[in-house]
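In UniProt numbering, the protein residues as written are 1 to 102. From the three backbone atoms N, C-alpha and C, an ideal C-beta is built for every residue, glycine too. Since this is a predicted model, take the numbers as computed values, not measurements. Taking it in order: structure first as structure tokens, then the write-up.
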């Protein structure tokens, strides 16, 4: 049986340990800043959060806006591709609530 290219590509794009949670907070909780994301997620290092955000930007899910201020101010937002993923995030949340009792 051949490997499913679409599923394996999606797995690579969102397969990081924190990526779905990062997308959830940006998409559904209006969290836009690095520090806010770190507080929401909790047990994530700065380097890991930075890496996963860079990958989500590179894969077209997020945009990164650097305001060139001191102290640094950067905002993350969903791209149209990221917005198209919101129904999937909602389905995952609803499935978890129903099937896992969360």
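Strand pairing of residue i, partner residues [DSSP]
{"i": "residue 76", "result": "64"}
7 Å Cβ shell around residue i - same chain, five flanking residues per side excluded
{"i": "residue 21", "result": "41"}
{"i": "residue 102", "result": "96"}
Candidates the options: closest to residue i by CA position
{"i": "residue 23", "options": "37, 11 and 12", "result": "37"}
{"i": "residue 31", "options": "12, 74 and 60", "result": "74"}
{"i": "residue 77", "options": "71, 44, 98 and 33", "result": "33"}
{"i": "residue 59", "options": "80, 69 and 3", "result": "80"}
{"i": "residue 10", "options": "85, 97 and 93", "result": "85"}
Classification of residue i by the beta-carbon crowding that lies within 10 angstroms, buried from 16 upward
{"i": "residue 91", "result": "exposed"}
{"i": "residue 26", "result": "buried"}
{"i": "residue 61", "result": "buried"}
{"i": "residue 82", "result": "buried"}
Residues near residue i by beta carbon distance below 6 Å, same chain, minus five either side
{"i": "residue 67", "result": "73"}
Original post:
Okay, do the segment 9–19 and the segment 54–61 touch, 3+ Cβ pairs below 8 Å being the bar?
Top reply: The answer is yes - the segment 54–61 touches the segment 9–19, with three or more Cβ pairs under 8 Å.
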